[in-house]
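There are 2 protein chains.
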Amino acid sequence: MSRSKHDLDLHGASETHFSVMAPDAVIYPTSSEEVAAAVRICREHGCPVIGFGAGTSLEGHTAAPRGGVSVDFSKMSSVLAINAADMDVVVQPGVTREALNEELRATGLFFPVDPGANASLGGMASTRASGTTAVRYGTMKDNVIALEVVTAEGEIIRTGTRARKSSAGYDLTGLFVGSEGTLGLITELTLRLQGIPEATAAAVCAFPSLGAAVETVIETIQCAIPMARIEVLDAASIAAVNAHAGRDDPPQPHLFVEFHGSPATVAEQAEAFGALAEGNGGARFEWSAQEEDKRALWAARHAAYYAILASRPGARAVVTDVCVPISRLAEAMEAAVDDIEQSSIPGPILGHVGDGNYHAILLIDPEDPKDKNTALNLQKRMVENALALGGTATGEHGVGMGKLDHMEAEHGAAWGLMGDIKRALDPNAIMNPGKLVRQN
Amino acid sequence: MSRSKHDLDLHGASETHFSVMAPDAVIYPTSSEEVAAAVRICREHGCPVIGFGAGTSLEGHTAAPRGGVSVDFSKMSSVLAINAADMDVVVQPGVTREALNEELRATGLFFPVDPGANASLGGMASTRASGTTAVRYGTMKDNVIALEVVTAEGEIIRTGTRARKSSAGYDLTGLFVGSEGTLGLITELTLRLQGIPEATAAAVCAFPSLGAAVETVIETIQCAIPMARIEVLDAASIAAVNAHAGRDDPPQPHLFVEFHGSPATVAEQAEAFGALAEGNGGARFEWSAQEEDKRALWAARHAAYYAILASRPGARAVVTDVCVPISRLAEAMEAAVDDIEQSSIPGPILGHVGDGNYHAILLIDPEDPKDKNTALNLQKRMVENALALGGTATGEHGVGMGKLDHMEAEHGAAWGLMGDIKRALDPNAIMNPGKLVRQN
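Below, the structure is given as C-alpha cells:
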C-alpha cells in the first residue's frame, strides 16, 4: 500500500482536462484473493474502490472524487495461458496490449483491439475500448470471451467459459465489459485471438472533402470489401501530423487504410478500394506493402493525438467521442468542423470512419477557464447533434465523469434501469462512485 | 385475446420433449403500447407474462408452467425501416428470419444468423440464437444493434442507438439478448446486415473420423481462412439425411462447408481448405458453385433434425446443445458417441464445428418414461463433460426449463448474481417465471 503524495496524485490524475482527484491510498495487489480481501474491507467501511490499469482513459475514470482506495493492477500483469488451438489467451488485468502482442509473437496469433494508447487489458475491457481495427475485428465487447470479477461483495465470480459462444443465461461478461469498475473489478480476462494475416497492405489517400472520403468508405463496406483499418483525418489533423512526424501530405482530408489477408486477396481488395476512391475524387493513392512504410504510416496515425496536442504548446485537450450511423457521418463531422472554426479554440478532427466514430481534439489553455467552457460547449453541441442523428455520446471512451451529463438524454427511461442494476450489484455504492451512473 | 383450448395448447406446446403447459390466455398485440398496457395489467394482478414468437425454441421457453398470458407477436411482423447505407434494419419482433431476407433481397443485403428453423427475430434475440453461419457472422449477440423493450414495470425503453458501437454505460442490449423474456419483452429490434457475397462455394467431404474432421477445422481457423459455414455430421446423421433427402454420402463423419467472397478469394479459400482436408484424410471432396447444388446441400443439412426424427417413427427428441473449446471438441463428441452407443436409444450427432457446438438428437418414445430418463441422463453426462472441458451447457438453444438444473454447476457464484439482476428488474416475478433463473 502507498500513501505517498506522489502516488496518490499520479492515480488521481487524468490524460485529459480533469483536475487531480487523489485517492486516500493506493494498493498493488498480486492476486484475485488480495483484491477480494481489499474490497471486503472497503465494503465494511463504506470506502470507495477505484480500479487503475495504465491510466490512459480519457473521461476521468480513475479519479477519486470521493477519495477511497485506488487498486493498481500493475503487479497483476501475467499472461496465464495461451491456448493456440482455441485461439484464446487468459491474462491478468494489468497486462498491456503491447506486452500481450509481444508475448504472442511466436505463436502467429495476435490480439487485434488497438485503441492507440498502450492501455491495460483490464482497463480496455472496463471502458469497452476499440480503436482503429474495430471495423474488422470488433471492440472489446466482441473480443472478451470470459472474465473473473471481484464483486462489490468481495466475492470472486467467473462469467462465461472458454466456449466460443453460449446461451446459458444473462450475458454477465457483456455486462461487466464497459461497466467501468462500477459493478466489480475485473481480475482475469479470457480474450479471443486472431491469426496474424499472411499479407497486409496500407495506403493513404487525399480527398477533396470529408464527404467524399466518407462516401468512399460507405461504398467499400457495401461492396463487402473487408477493411482492417480505415481512418479519416481532417485537414487540420494532417497539418499537425505533418509537423510532428515529418510527413508532407497535402492539407486535405485523408483516409488511412489497411487490408489484411492472403497476398492475392489483399491485392484484389486494394484494387477494388482504389477504384472506389478514384470515383470519389481521391488522389495521391500510394500503396505500401513494405513493413517499414506501413509501420511509419500507422505510427504517424497513432501519434496524431500527441501531434495535435503539440500543435498548441502547453495545451490540454477535451476529446470528444461521438459515434453516428455512417450515413450521417459526413454531415455530423462537417457541422463539427464549422462549429469549431467559428469558436476561439483549435480542434482538429479524426475518426474511425468505418464505425461512424470521430474525435475532435479540442485544445484548451488549462489556465483559462473560458477555453474549457468553450470546449465543453462545443462537445455538448456535438453530442446533441449525434443523438439527433441516431448516434451515441461515446463510441469508445466511456462515460466516466466526462459524459455523465449526457446519459439521460441518450438513454431516456433506460437510464433508470442502469441505476437499478447498479443498486442491485453494488448496494453500498463503493465501486467507482461518481462514474457512469448516478446512485443517490 | 383468445382463450380457446386449441390456442392455449398451441402456445403451451414445445418442439421437443416437454409436455403441454398451457397459458390462461393468448393475446395478439399490434403495437408496443398494447404490449406495455398488457404487462401493466399483469403486474397489477401478479400474472405471468410469456412472450411467443414462432414457437420453434427447444427448451420449453414458451410454456406456461404457472399459467398466465402468452403474448403472441405474430401481428407485430413488419419491417419498419431498411437503412441500406448503414447496413441495418429495424423490425418488429414477429418478423421471421426468412421473411426478413425475402424483403431484403432487392437491396443486395441479408441478415446472416441462421438457426435452421424459420424462427421469429424477437425469439432469436431472446434465446441468443446462432446456427450454421455463426463462425463467420457471429450470433444474435453480435448482430443486434439496439432494442425496444417493454420492462416488467410496463415501461417502454430503448437500449442502444443506431451507432455501430458505443461505450455509453451498461450494455443493456446485450443483457436483454439471451434473457428469454425473463426481464422484459422485446418489441422492436435494430439488426446488423451483411452484403450478399459476390460468390459462394459449398462442398461436402467425408473423413475417416470425427477427430480428423475437427482437426481440419482447427487448422483452417488457424490459417485465417474465413469459413462462412462449417458443419460436422456423424455417420448416424449422414445415414438419416441420406434416407430423408435421397443423398448417397458414405456412412462416415462429414464436413459441410461454405465460403463467401469474391470469385477469386472463394476459389483461393476452397483450394487452401482442400489441401488441409486432404492432409487429414478427407476424401470425396466435391465443390459446387452451382446455386441449385448448394441449395440442395444446405437444405439437406437444415432438414437433418427432421431427417433424424423421421428415422425413428413416432419419436420425440431431447436435443443436447453443449459447446466446448474447439481443441476439446473431438474428445467431447467421441465420448458422447460412445456413451450413446452403449445406451438403449439412438442419438445421431451434428454440430457447428467452427464454434465447438454440437447437438445429439436423442430419440425417445414419448410413451416410454424410461427412454426420456435415458436421454436426460445422457444429456447430463454430456453437460458435465463439457463443463469439465471448459465449455457450456448450451451454445445456442438457451436455458428455458430444460437446462435450468445445470446452471449452478456452470456458473457457480455468478448464478447468484443473475438472480440479483432478475429480482432488480422483475421484482414481481411475472416475466416468464420458471425459466433461465430461479427466483424465490
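Listed in order, the protein sequences are those of chains A and B.
If you want the numbering used here, it's the position in the first sequence, counting the first as 1, plus 1117.
If you want the numbering used here, it's the position in the second sequence, counting the first as 1, plus 1117.
Don't be surprised by glycine CBs; every beta carbon is placed ideally from N, CA and C.
Cutoff 7 Å; reference residue i; Cβ partners in own chain excluding five residues on either side
i, result
"B/Ala-1420", "His-1361 and Ala-1362"
"A/Leu-1125", "Ala-1139, Pro-1140 and Val-1143"
"B/Ala-1492", "Val-1435, Ile-1462, Leu-1479 and Ile-1481"
"A/Ser-1354", "Ala-1421, Ile-1425, Pro-1465, Ile-1466 and Leu-1467"
"B/Ile-1347", "Val-1252, Val-1334, Leu-1372, Val-1374, Val-1470 and Gly-1471"
"A/Pro-1380", "Glu-1315 and Ala-1316"
"A/Gly-1551", "Pro-1182, Arg-1183 and Met-1518"
"B/Arg-1309", "Met-1204, Asp-1205, Asn-1260 and Ile-1262"
"A/Arg-1498", "Asp-1456"
Contact under 7 Å by Cβ, residue i with residue j
i, j, result
"A/Thr-1256", "B/Lys-1282", "yes"
"A/Ala-1413", "A/His-1371", "no"
"B/Val-1436", "B/Leu-1175", "yes"
"B/Gly-1464", "B/Leu-1446", "no"
"B/Ala-1392", "A/Ala-1510", "no"
"A/Thr-1063", "B/Gly-1508", "Not covered by the structure: residue 1063 of chain A. The range shown for chain A is 1118 to 1557."
"B/Asn-1397", "B/Ala-1329", "yes"
"A/Cys-1440", "B/Ala-1201", "no"
"B/Leu-1327", "B/Glu-1451", "yes"
"B/Leu-1264", "B/Phe-1228", "no"
"B/Asn-1549", "B/Arg-1160", "no"
"A/Ala-1234", "A/Thr-1173", "yes"
"B/Asp-1438", "B/His-1528", "no"
"B/Phe-1190", "B/Gly-1239", "yes"
"B/Val-1516", "B/Leu-1553", "yes"
"B/Gly-1170", "B/Ser-1237", "yes"
"B/Thr-1213", "B/Asp-1231", "no"
Close beta carbons around residue i, own chain, < 6 Å, minus the five adjacent residues each side
i, result
"A/Gly-1168", "Val-1188, Gly-1298 and Leu-1302"
"B/Ser-1119", "Val-1143"
"B/Met-1241", "Met-1257"
"B/Gln-1564", "Nothing about residue 1564 of chain B can be reported from this structure: the residues present for chain B run from 1118 to 1557 only."
"A/Gly-1295", "Arg-1245"
Delimiting residues of the alpha helix (DSSP H) encompassing residue i
i, result
"B/Arg-1412", "1408 to 1419"
"B/Phe-1390", "1380 to 1396"
"A/Gly-1177", "Segment: none, A/Gly-1177 is in no alpha helix (DSSP H) and carries neither H nor E."
"A/Ala-1447", "1446 to 1458"
"A/Ser-1149", "1149 to 1161"
"B/Ile-1167", "Not the alpha helix (DSSP H): B/Ile-1167 falls in the beta strand (DSSP E), residues 1166 to 1169."
"B/Pro-1486", "1486 to 1505"
"B/Ala-1362", "1352 to 1362"
"A/Lys-1192", "A/Lys-1192 -> no alpha helix (DSSP H), and no H or E assigned at all."
Beta-carbon contacts of residue i that lie in its chain and below 8 Å, excluding the five residues immediately before and after
i, result
"B/Thr-1133", "Leu-1175, Glu-1176, Gly-1177, Arg-1433, Ala-1434, Val-1435, Val-1436 and Gly-1519"
"B/Ile-1457", "Pro-1463, Gly-1464, Ile-1466, Ala-1477, Leu-1479 and Leu-1495"
Which residues DSSP lists as bridging residue i, in chain order
i, result
"B/Ser-1237", "B/Thr-1213"
"A/Val-1207", "A/Ala-1198 and A/Thr-1307"
"B/Glu-1375", "B/Ala-1319 and B/Arg-1346"
"B/Glu-1403", "B/Val-1321"
"B/Ile-1466", "B/Ala-1477"
"B/Ser-1119", "B/Val-1143"
"A/Thr-1511", "A/Asp-1438"
"B/Ala-1242", "B/Ala-1242 pairs with nothing; no bridge assigned."
"A/Arg-1275", "A/Glu-1265"
"B/Leu-1226", "B/Gly-1312"
"A/Gly-1301", "A/Thr-1268"
Beta strand (DSSP E) segment containing residue i, residue limits
i, result
"B/Leu-1480", "1474 to 1481"
"A/Gly-1270", "Strictly speaking, residue 1270 of chain A in this sequence is Glu, with Gly absent from that position. First-last for A/Glu-1270: undefined, no H or E at that position."
"A/Asp-1189", "1186 to 1189"
"B/Val-1435", "1433 to 1436"
Counting only Cβ-Cβ distances shorter than 8 Å, please list the residues of the stretch 1286 to 1298 of chain A near chain B, keeping chain order.
Gly-1286, Tyr-1287, Asp-1288, Leu-1289, Gly-1291, Leu-1292, Val-1294, Gly-1295 and Ser-1296
Short-range partners of chain A found in the stretch 1183 to 1204 of chain B, where Cβ spacing is below 9 Å:
Asn-1200, Ala-1201, Ala-1202, Asp-1203 and Met-1204
Quick one, which residues of the stretch 1430 to 1461 of chain B are near chain A if we go by CB-CB under 7 Å, in chain order?
Cys-1440, Val-1441, Pro-1442, Ile-1443 and Ser-1444
Mind checking the stretch 1504 to 1529 of chain A against chain B and listing, in chain order, the residues whose C-beta falls within less than 9 Å of any C-beta there?
Leu-1504, Leu-1506, Gly-1507, Gly-1508, Thr-1509, Ala-1510, Thr-1511, Gly-1512, Glu-1513, His-1514, Gly-1515, Val-1516, Lys-1520, His-1523, Met-1524, Glu-1527, His-1528 and Gly-1529
Output, in sequence order along the chain, the residues in the stretch 1334 to 1358 of chain A whose CB is closer than 8 Å to any CB in chain B.
Ile-1335, Ile-1338, Gln-1339, Cys-1340 and Ala-1341
Taking only beta carbons into account, state which residues of the stretch 1264 to 1279 of chain A come closer than 9 Å to chain B, listed in chain order.
Val-1266, Thr-1268, Glu-1272, Ile-1273, Ile-1274, Arg-1275, Thr-1276, Gly-1277, Thr-1278 and Arg-1279
In the stretch 1374 to 1398 of chain B, which residues sit with their C-beta less than 7 Å from some C-beta in chain A, listed in chain order?
Ser-1379, Ala-1381, Thr-1382 and Glu-1385
If you measure beta-carbon to beta-carbon, which residues of the stretch 1230 to 1257 of chain A are closer than 8 Å to chain B?
Thr-1244, Arg-1245, Ala-1246, Ser-1247, Ala-1251, Gly-1255 and Thr-1256
What are the residues of the stretch 1467 to 1478 of chain B that lie near chain A, defined by any Cβ-Cβ distance shorter than 9 Å?
His-1469, Gly-1471, Asp-1472, Gly-1473 and Asn-1474
Give, in chain order, every residue of the stretch 1123 to 1138 of chain B whose Cβ lies closer than 9 Å to some Cβ of chain A.
none
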